[in-house]
Amino acid sequence: MNNAAYFPGCSLKAEAGDYERSAAAVMEVLGQPLEELERWTCCGTVYSLTDDDLMHQLASVRNLIRAQECGADEIVTLCSMCFNTLKRSKVFIEQDSARLETVNAFMDEEQDYEGGVEVFHLLEILRDQVGFESIEGKVTRPLSGLRVAPYYGCTLLRPREIGIDEPDTPTILQDFIRALWATPVEFAFQAECCGTYQIVDSPEMVLEKSHRILNSAMRAGADVLVTSCPLCMHNLRLCYEELRSSLPEKRELSIIYLTQLAAIAFEVETGELPTSMAKLVEGLPTSMELVP
Amino acid sequence: MPSATKLEQFVGFRERVEMLSGENVFACYQCGMCTAGCSFADEMDVLPHQVIRQLQLNNWKVLECNAKWICASCLNCQTRCPKGVDLSKLMEAMRQIYLRQQMDNLELNKYSIDQIRCLPQIALVASFRKKTG
Chain A
10 MNNAAYFPGC SLKAEAGDYE RSAAAVMEVL GQPLEELERW TCCGTVYSLT DDDLMHQLAS
70 VRNLIRAQEC GADEIVTLCS MCFNTLKRSK VFIEQDSARL ETVNAFMDEE QDYEGGVEVF
130 HLLEILRDQV GFESIEGKVT RPLSGLRVAP YYGCTLLRPR EIGIDEPDTP TILQDFIRAL
190 WATPVEFAFQ AECCGTYQIV DSPEMVLEKS HRILNSAMRA GADVLVTSCP LCMHNLRLCY
250 EELRSSLPEK RELSIIYLTQ LAAIAFEVET GELPTSMAKL VEGLPTSMEL VP
Chain B
526 MPSATKLEQF VGFRERVEML SGENVFACYQ CGMCTAGCSF ADEMDVLPHQ VIRQLQLNNW
586 KVLECNAKWI CASCLNCQTR CPKGVDLSKL MEAMRQIYLR QQMDNLELNK YSIDQIRCLP
646 QIALVASFRK KTG
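Which chain is which? The protein sequence lines are A and B, in order. Mind the numbering: the first sequence is residues 10 to 301 in our numbering, read in order. Mind the numbering: the second sequence is residues 526 to 658 in our numbering, read in order.
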């Protein structure tokens with residue numbers, strides 16, 4: 010990794026603590042430990058879609074300045090929404106020097122943002138800088154036989170200009186899953202919206218959208234579903250809790266973060282897994298020799 | 526749902542939406558791809574392609590649709606539009622016309638503290654950004 014600063018965002022320090030712990034452990038194993046950006050603030054959560062105001066870009070630009078201050082040329086995020094917001098703001102501001110000038114003039118308490126800080130999602134780092142072959146080389150407990158559904162959601166892939174893979178036919182998560190010796194399970198709703206922030210005032214609608222996603226993954230035969238977005242995680246787990254009572258016995262779906270899957274394959278301890286996942290892990294072969 | 530009465534005298538409605546969004550509504554040729562791929566179309570009173578049609582016709586009544594609050598900017602429509610129209614920006618422009626007149630679409634006062642505690646902060650902040658001015 011070049012000189013990269015890790016941007017956590019709010020969820021990673023609260024609900025998604027298991028995501029942060031597992032990512033830190035996994036990156037440690039891969040020899041590129043995460044170094045947290047100093048004095049980071051909220052990214053703004055959702056990218057502002059209006060063309061006539063720059064006010065809503067400030068939160069993101071402030072974090073780009075933080076990176077610049079500590080000499081980092083890259084920001085790495087785990088949260089898909091932070092990735093999307095930071096990267097889109099960066100592109101929007103840097104596209105037009107007048108915008109950059111206005112923002113710098115407005116934030117006179119900060120040093121000027123000079124542009125050029127890159128924003129990456131951890132998955133891109135794993136693919137382009139670490140390499141999936143290196144990941145495969147670090148696997149001590151191959152996840153053979155485990156059927157894993159890759160769930161992308163929206164913000165990793167769209168819009169195309171900033172997405173980490175082809176928006177309609179992404180493969181990066183499947184390749185990641187394969188590198189851990191697990192089997193990726195393709196399903197129809199892998200890049201559909203879970204309902205996102207509408208959980209606040211339209212929970213029924215969100216549960217319906219999430220239900221479609223979970224149903225589609227389970228019908229395709231998945232045991233596990235991995236995601237990289239803390240908000241998708243919240244919605245999908247909530248929906249799964251509701252759905253569970255109607256499922257036949259022994260039919261379970263574990264919903265975990267992608268780095269938790271890698272932590273299992275690297276045999277690093279990162280705290281508690283969902284009960285159903287812990288059961289699946291028990292059933293896995295224990296060392297490389299057992300794999301034909 | 527706040528009423529659009531204040532907006533009745535709205536002149537240059539389409540131009541306002543285009544200015545806020547930076548999009549050209551006449552680029553749309555009504556193929557319906559946006560509606561076909563929209564995860565939320567089944568919840569909307571005016572369908573995504575119909576929203577654009579009404580914008581083309583400069584019909585300010587389209588502002589009253591619930592579609593603008595339901596659109597979660599998942600950008601399925603934007604990536605698939607053959608004419609490169611970003612509908613999420615048009616929806617945002619329609620929301621902003623309300624929000625900039627202090628007509629919010631989210632009342633957190635009706636929630637108990639316990640209900641709010643159950644919601645992740647990422648969802649709360651995103652809702653504030655999308656539904657309050």
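From the three backbone atoms N, C-alpha and C, an ideal C-beta is built for every residue, glycine too. For clarity, every value in this text was computed on a predicted model and none was experimentally measured.
Review point. Which residues of chain A have a Cβ atom closer than 7 Å to the Cβ of I647(B), listed in chain order?
Key: C19, S20, T54, M90, P239, L240
**Study point:** beta strand (DSSP E) runs contained entirely in the stretch 64 to 108 of chain A, provided each spans 3 or more residues
**Key:** 83 to 86
**Study point:** Cutoff 8 Å: E24(A) Cβ touching any chain B Cβ
**Key:** yes
Practice item. Leaving out five residues on either side along the sequence, give the residues of the same chain with a beta carbon under 7 Å from the beta carbon of P527(B). Key: With a pLDDT of only 48 at P527(B), under the threshold of 50, the placement of this residue in the model should not be trusted, and no figure is reported.
Review point. Within 8 Å (strictly less), CB to CB, does L39(A) reach chain B?
Key: no
Check your understanding: So who's on the other strand from E127(A), going by DSSP bridges?
Key -> E83(A)
Point to revise | Own chain, CB closer than 8 Å to N583(B), minus 5 neighbours either side, in chain order | key: F538, R539
Review point. Which partner residues of L234(A) appear in the DSSP bridge assignment?
Key: A158(A), I264(A)
Practice item. Might you give, ordered along the chain, the residues of its own chain that have their beta carbon closer than 6 Å to the beta carbon of I208(A), omitting 5 neighbours on each side? Key: V215, N244
Check your understanding: When the Cβ atoms of the stretch 57 to 76 of chain A are set against those of the stretch 35 to 43 of chain A, are three or more pairs found closer than 8 Å?
Key -> no
Practice item. Would you mind sorting Y266(A) into buried or exposed? The rule is 16 or more other CB atoms within 10 Å of its CB. Key: buried
Point to revise | 3-residue-minimum beta strand (DSSP E) runs that sit fully inside the stretch 11 to 56 of chain A, ordered along the chain | key: 13 to 16
Point to revise | Touch test, the stretch 153 to 166 of chain A against the stretch 232 to 248 of chain A, Cβ-Cβ under 8 Å, three pairs minimum | key: yes
Check your understanding: How far does the alpha helix (DSSP H) with T180(A) in it reach, from first residue to last?
Key -> Where T180(A) is concerned, there is no enclosing alpha helix (DSSP H), given that its DSSP letter is neither H nor E.
Review point. Quick one: is R71(A) near chain B, going by C-beta distance under 8 Å?
Key: no
Check your understanding: Short check: CB of C553(B) to CB of I577(B), under 8 Å?
Key -> yes
Review point. Leaving out the 5 sequence neighbours to the left and right, which residues in its chain are closer than 7 Å to R75(A) when beta-carbon positions are compared?
Key: L46, E47, R48, W49
Check your understanding: Under 8 Å between C-beta atoms, does C606(B) make it to chain A?
Key -> no
Point to revise | Between the CA atoms of Q626(B) and G658(B) - distance to the nearest angstrom | key: 8 Å
Exercise for review: Measure the C-alpha to C-alpha separation of C203(A) and A651(B) and round it to an integer number of angstroms.
Suggested key: 14 Å
Point to revise | Straight-line gap, L103(A) to A114(A) (C-alpha atoms, nearest Å) | key: It is worth fixing the name first, because residue 103(A) is Glu in this sequence and not Leu. Their backbone Cα atoms lie some 15 Å apart in a straight line.
Exercise for review: Specify whether the stretch 22 to 31 of chain A and the stretch 129 to 138 of chain A touch according to this definition: at least 3 beta carbon pairs, one from each stretch, less than 8 Å apart.
Suggested key: no
Review point. Is DSSP giving E533(B) helix, strand or coil here?
Key: Caution is warranted here: a pLDDT of 48 is assigned to E533(B), below 50, making its placement in the model unreliable, and the coordinate value is therefore given only provisionally. Looking at E533(B) - three-state DSSP - the assignment turns out to be coil, as it is neither helix nor strand.
Review point. Any idea if F551(B) is buried or exposed, counting beta-carbon neighbours within 10 angstroms, 16 or more meaning buried?
Key: exposed
Review point. Within 8 Å (strictly less), CB to CB, does H243(A) reach chain B?
Key: yes
Practice item. Leaving out five residues on either side along the sequence, give the residues of the same chain with a beta carbon under 7 Å from the beta carbon of E261(A). Key: S285
**Study point:** Pairwise C-alpha distance: V55(A) and R654(B)
**Key:** 7 Å
Check your understanding: Would you say L240(A) and I647(B) are within 8 Å of each other, going by their C-beta atoms?
Key -> yes
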